[in-house]
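Below: the structure, in structure tokens.
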Amino acid sequence: MDATRVTEQPTSFERPQPGVDPAESRGALLRTQQQPQKPPAQLGDPALPVQARADGTPSGPGTAPPCGKGKEPALGQGKEPPVNGPEHAQPAGTEPDSHRPRPAPEGIPAQPGAEQERSPGGQERRTGQALPPGRPMPMRRDGDRLRFVGAATRRIARGLDLDEIVMGLCRATVPTFSDAILVYLREPLPVGDERPSGPVVLRLRRTDRIPAERDTDGVLLPPAFEPEPEPSVLSDLSALTTELCEVRPGGALNEVLRGVRPVFADAPAARDALPELLGEGGEAVVPGERHAILAPLRGRRRVIGAALFLRRPDRLAFEADDLLVAAQLATHSALGIDKAVLYGREAYIADELQRTMLPETLPRPTGVRLASRYLPAAETARVGGDWYDAIPLPGSRVALVVGDVMGHSMTSAAIMGQLRTTAQTLAGLDLPPQEVLHHLDEQAQRLGTDRMATCLYAVYDPVTHRITIANAGHPPPVLLHLGGHAEVLRVPSGAPIGVGGVDFEAVELEAPAGGTLLLYTDGLVESRLRDVWTGIEQLREKLAATARLTGPDHPPPLEALCDEVLDMLGPGDRDDDIALLAARFDGIAPSDVAYWTLEPEDSAPGQARRLARRALARWDLEELTDSVELLVSEVVTNAVRYASRPVTLRLLRTDVLRCEVGDDVPQLPRLRQARATDEGGRGLYLVNRLARRWGATRLSTGKVVWFELNRG
Numbered sequence: 041m042d043a044t045r046v047t048e049q050p051t052s053f054e055r056p057q058p059g060v061d062p063a064e065s066r067g068a069l070l071r072t073q074q075q076p077q078k079p080p081a082q083l084g085d086p087a088l089p090v091q092a093r094a095d096g097t098p099s100g101p102g103t104a105p106p107c108g109k110g111k112e113p114a115l116g117q118g119k120e121p122p123v124n125g126p127e128h129a130q131p132a133g134t135e136p137d138s139h140r141p142r143p144a145p146e147g148i149p150a151q152p153g154a155e156q157e158r159s160p161g162g163q164e165r166r167t168g169q170a171l172p173p174g175r176p177m178p179m180r181r182d183g184d185r186l187r188f189v190g191a192a193t194r195r196i197a198r199g200l201d202l203d204e205i206v207m208g209l210c211r212a213t214v215p216t217f218s219d220a221i222l223v224y225l226r227e228p229l230p231v232g233d234e235r236p237s238g239p240v241v242l243r244l245r246r247t248d249r250i251p252a253e254r255d256t257d258g259v260l261l262p263p264a265f266e267p268e269p270e271p272s273v274l275s276d277l278s279a280l281t282t283e284l285c286e287v288r289p290g291g292a293l294n295e296v297l298r299g300v301r302p303v304f305a306d307a308p309a310a311r312d313a314l315p316e317l318l319g320e321g322g323e324a325v326v327p328g329e330r331h332a333i334l335a336p337l338r339g340r341r342r343v344i345g346a347a348l349f350l351r352r353p354d355r356l357a358f359e360a361d362d363l364l365v366a367a368q369l370a371t372h373s374a375l376g377i378d379k380a381v382l383y384g385r386e387a388y389i390a391d392e393l394q395r396t397m398l399p400e401t402l403p404r405p406t407g408v409r410l411a412s413r414y415l416p417a418a419e420t421a422r423v424g425g426d427w428y429d430a431i432p433l434p435g436s437r438v439a440l441v442v443g444d445v446m447g448h449s450m451t452s453a454a455i456m457g458q459l460r461t462t463a464q465t466l467a468g469l470d471l472p473p474q475e476v477l478h479h480l481d482e483q484a485q486r487l488g489t490d491r492m493a494t495c496l497y498a499v500y501d502p503v504t505h506r507i508t509i510a511n512a513g514h515p516p517p518v519l520l521h522l523g524g525h526a527e528v529l530r531v532p533s534g535a536p537i538g539v540g541g542v543d544f545e546a547v548e549l550e551a552p553a554g555g556t557l558l559l560y561t562d563g564l565v566e567s568r569l570r571d572v573w574t575g576i577e578q579l580r581e582k583l584a585a586t587a588r589l590t591g592p593d594h595p596p597p598l599e600a601l602c603d604e605v606l607d608m609l610g611p612g613d614r615d616d617d618i619a620l621l622a623a624r625f626d627g628i629a630p631s632d633v634a635y636w637t638l639e640p641e642d643s644a645p646g647q648a649r650r651l652a653r654r655a656l657a658r659w660d661l662e663e664l665t666d667s668v669e670l671l672v673s674e675v676v677t678n679a680v681r682y683a684s685r686p687v688t689l690r691l692l693r694t695d696v697l698r699c700e701v702g703d704d705v706p707q708l709p710r711l712r713q714a715r716a717t718d719e720g721g722r723g724l725y726l727v728n729r730l731a732r733r734w735g736a737t738r739l740s741t742g743k744v745v746w747f748e749l750n751r752g
């Protein structure tokens, strides 16, 4: 008799399809190589199991499995499938190329020694009971169980998320250990040390069983697993059991779950617990005698579910040692589920942290259109230090910011959030770009000596069509002109934020109407396959090629342009986070701008009304004359009352009419409810009621009060 080598078999009976990984959830058949006959092996000698023919004779030296196609004789016609080969081996005639040697994939181990347990008449020697042909043999040796548990736990441990772990438990046990399995988990699953409130509810998470019908892919199963003449109680588990089960305090099911140890279905505690678990009609699922095991699933802190292992009545019942196997499977599965739930919570927290750190929506400032993209480095590193922002400034200007904190961790994300908040505060003070970077550098040093980041800060003015840029060690921006020419702007790189003791330099450049400025982090242009300057050149070429598709007179759509830029990433280019901010410069035409300087005198409000009336007449907006004169008079009156220097008045005609009044007083006006006896204090109340929206922004030289009115 040939000695057998213990191999790991997959746990399904389907014929492997071309191109399908044997480790998929449905498994694959064990395929063994032909081996010549050897003399009787000593204990411990490894050898591959022989492959059986359709007539039950092994294929040895000088014999080859049949290669022709033909109809196999049915069971009961003098031929039966092998019983001492691999557990799920099919008749050789079912596959034309079965004579070709194939490697055996990793899976659940076979049950060695099964041939010694059967007599020539097909009966099991230890019990004398007849076993159905082709069914998995019972594990009679401690070594068999150890090998099975080792392979099964490895398969369970492969799963990363909850579904993979539960599926690994099902595929590892069916049919090698049981014919069917039901897995119940708590709803909702507790996370970590939290104490769930309310009653304990179990939900049927997954069921699995030996299929007794034609496979969904149209592949016939081996004759040994064809449908039984009589209906099986395991034919439809989900239809016979309830999906939800509430564990009653002090009930039989609660006592079994608290006991932690697996029990047979015929145990006194299990007889009362199974009806509570399965619901009405669920008792039909559980065969008699010791053909079912109920195993609680206990995690690190508490019981998180239960698993029910079932065998058909025509198979041998579970033995006492099988309780140890069930306990090992339940323990490894529960611990894996516990860790998967914790990992899922951490991933959720990381996603929420990253989402709240980045702007939820971009503003819609006058004269510029914005679009953005953010991609994490990978699914396992969802949190990074890349960020972008667009901050409206006084005078219809907008600040464009993009930065990158070194590292991929929660700490990097937290530092990024602090730097972004600091940048927003500094932008509200209307500081020059180089001053903003200087204060960010000081803030990074206060956070720690190793807090390093790169940042690019730009301010766009749609009235003057100019942009001022300061850089702190960040990749330079790329400007795509209306004609399709893309150029890398020459901006002094500067030192990264956090170095300390360095000066930052700002440059002012032209921002032509129709142009598109692209700000990005180094994850877009740098990877282990290319250096940063090669990536920047590829980005420039990508922008130019995209612009040629829309022609020289029409810039490419902004959202589509961002998608095209991300398409330049290859399989090895996702080493870092990617933050992308695109700004389309529409600008404001000089004919749509009216600007005046008023002396802080009592006659200034009347002069402001006359100037505003003339501008509205020139723009054909006479219907707004009354509202504009009233609001301009109130705002200019407040400015003249406290100002010591000339007051500025500017009207902007875009999709709305915007009025801006500036003075040298830093205190911001506050809306308040005037009393009936007060002579003043109603100016901002009128502005708040009549204007579409209004606001006040502090400048380094004073403040600006503005309001907007809808056109027509």
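Under the working numbering, think of the first position of the sequence shown as 41, with each following residue one higher. Beta carbons are placed, not taken as given, at the ideal position from N, Cα and C, and that holds for glycine. If you're wondering where the values come from, they're calculated on a predicted model, not measured in any experiment.
- For the pair Ser218 and Arg351, the Cα-to-Cα distance works out to about 5 angstroms.
- Taking C-alpha positions only, Ala652 is separated from Ser673 by approximately 10 angstroms.
- Counted as a single uninterrupted DSSP element, the alpha helix (DSSP H) harbouring Arg658 occupies residues Ala644 to Arg658.
- The Cβ atoms of Leu244 and Glu283 lie closer than 7 angstroms to each other.
- Boundaries of the beta strand (DSSP E) harbouring Pro432: Asp426 to Pro432, taken from the DSSP string.
- Of the residues Asn750, Glu604, Leu589 and Arg685, the one whose Cα lies closest to the Cα of Val668 is Asn750.
- Of all alpha-carbon atoms in Ala510, Val705 and Ala309, the one lying nearest the alpha-carbon of Ala439 is that of Ala510.
- Taking C-beta atoms under 8 angstroms as the contact rule, Leu209 and Ser373 qualify, at a distance of about 5 angstroms.
- Gly199 and Pro515 have their C-alpha atoms roughly 40 angstroms apart.
- With a beta-carbon spacing of about 23 angstroms, Ala498 and Arg491 fall beyond the 8 angstroms limit used to define contacts.
- In the structure shown, Pro630 falls within a helical segment according to DSSP collapsed to helix, strand and coil.
- When the five nearest sequence neighbours on each side are left out, the beta carbons in the same chain lying within less than 7 angstroms of the beta carbon of Gly735 are those of Trp746, in order along the chain.
- The Cβ-Cβ distance between Leu364 and Leu222 does not fall below 7 angstroms.
- Using a Cβ-Cβ distance cut-off of 8 angstroms, the stretch 534-550 and the stretch 573-593 are not in contact, since fewer than three pairs of beta carbons, one from each stretch, lie closer than that value.
- Excluding the 5 residues flanking it on each side, Glu286 has same chain C-beta neighbours closer than 6 angstroms at Pro239 and Val241, in chain order.
- A distance of 7 angstroms or more separates the beta carbons of Tyr388 and Ser412.
- Remark: C-beta atoms of Ile344 and Arg226 approach each other more closely than 7 angstroms.
- Assignment of beta-bridge partners to Ile537 by DSSP yields Ala493.
- With contacts defined by Cβ atoms closer than 7 angstroms, Gly407 and Ile628 form a contacting pair.
- For Ser452, the closest of Ala467, Leu393 and Leu433 by C-alpha to C-alpha distance is Leu393.
- Counting other Cβ atoms within 10 Å of its Cβ, Pro289 stays below 16 and is therefore classed as exposed.
- Unbroken alpha helix (DSSP H) stretches of 4 residues or longer found wholly inside the stretch 445-525: 450-468 and 473-487, given in chain order.
- Leu477 is positioned such that its CB atom lies no closer than 7 angstroms to that of Pro517.
- Nearest to Phe358 by alpha-carbon distance, out of Val528, Arg185 and Ala430, is Arg185.
- Per DSSP, Ser412 lies in no alpha helix (DSSP H) segment; the continuous beta strand (DSSP E) that holds it begins and ends at Val408 to Leu415.
- Ala417 places its beta carbon 7 angstroms or farther from that of Gln474.
- The alpha-carbon of Gly291 is positioned some 54 angstroms away from that of Asp426.
- Excluding residues up to 5 positions away in sequence, Arg738, Gly742 and Lys743 lie with their Cβ nearer than 7 angstroms to the Cβ of Pro706 in the same chain.
- Taking 7 angstroms as the cut-off, the Cβ atoms of Ala512 and Thr494 count as close.
- In the same chain as Val696, and ignoring 5 residues on each side of it, the C-beta atoms closer than 7 angstroms to its own belong to Arg732, Glu748, Leu749, Asn750 and Arg751, in chain order.
- Judged by pairs of C-beta atoms under 8 angstroms, the stretch 593-610 does not touch the stretch 395-406, as fewer than three such pairs exist.
- Assigned with DSSP and collapsed to three states, Val531 falls in coil, not helix or strand.
- Boundaries of the beta strand (DSSP E) around Glu286: Leu284 to Val287.
- Contact annotation: Pro709 and Leu724 have beta-carbon atoms nearer than 7 angstroms.
- Judged by beta-carbon spacing, Ala366 lies beyond the 7 angstroms limit of Ala390, meaning their Cβ atoms are not closer than that value.
- In this model, Val528 and Ser740 are separated by some 32 angstroms (Cα to Cα).
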